[in-house]
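Engineer: Once you know that position 195 of the sequence shown is 264 in my numbering, the rest is easy, because the numbers rise by one and skip nothing. We put the beta carbon where it would ideally sit given N, CA and C, even for glycine.
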Amino acid sequence: MLHVNIHKQLAHYEMAIQFEMGAEILVLVGPSGSGKTTILNSIAGLVHPDSGLIVSNKHTFFDTDQKPMPARDRQIGYLFQDYALFPHMTVEKNILYGVKKNNRKDSEEMIAQLLHVLGIEHLLHKYPHQVSGGEKQRVGLARALATCPSVLLLDEPLSALDKETRKQCQDELLRLHEIWKIPFIVVTHDLDEAERLGNRIIYLDKGQIIDEQKKRQLMTVY
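1. Just checking my contact of Val208 with Ile164 at CB under 8 Å: how many whole Å lie between their CB atoms?
2. To the nearest angstrom, report how far apart Asn74 and Leu266 are at their CA atoms.
3. Decide if Met84 is buried, meaning its Cβ has at least 16 other Cβ atoms within 10 Å, or exposed.
4. Between Ile145 and the rest of its own chain, which residues show a CB-CB distance below 6 Å, the 5 nearest in sequence each way excluded?
5. Taking Ile108 and Leu122 to be in contact with their CB atoms under 8 Å, please state how far apart those CB atoms are, rounded to whole angstroms.
6. Just the Cα atoms here: how many angstroms apart are Leu187 and Glu241?
7. My parser needs the alpha helix (DSSP H) runs of 4 or more residues fully inside the segment 86–143; what are they?
8. Can you pull the DSSP bridge partners for Val255?
9. So, with DSSP's three-state summary, where would you put Asp231?
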């Protein structure tokens, strides 16, 4: 279970977000600047709310009255929009980067399964510049999941892909969620993608979860 309660003053508005989720896919939809990435970064520990509470499986990531848990200790998988792969490392080294050395032997079977599901075993000795956009996305997913995270955050992970590759990667995300059974939070601007992936969709505007009437207005803009 992930509990999120965020209050943060941003440049043009005050964010006030609260939700809970279990082992489901939650999709955040909203215009640029509506606070979607700030929510992900707050959960990951890359930014801190002004006040609030973030708890994952009884582990307190953030509490107004306590020192925030460091990002490295939160056991969060994060797939950024540009995948953030290290260009000087092979695919294999990119995937293993976040796995602690003393845990690698225990993780071998899980990582082998992950590589098989994503179909990237043949890419292990290539470098990021040698693989396609869809393959980079799969490598980024493998790296994010190789650490056995308690939560997976995905910030517009499919936006740079062509229509066919995007559909294939949506299928892979759904299949991976069935295997891992952890909370996935996906940011997207694509309503069709949101409806295809999400067990639940939260619509945001200016740091607020918007009501049904405003949601319809937002959808017409999209």
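Structural biologist: From the atom records:
1. 7 Å
2. 24 Å
3. By the 10 Å Cβ count, Met84 comes out buried.
4. Once the five neighbours on either side are set aside, the close Cβ partners of Ile145 are Ala113, Pro218 and Val220.
5. About 14 Å; that fails the 8 Å criterion.
6. So the two alpha carbons sit approximately 7 Å from each other.
7. 105–113
8. Val96 and Leu223
9. The answer is coil: DSSP assigns Asp231 none of H, G, I, E or B.
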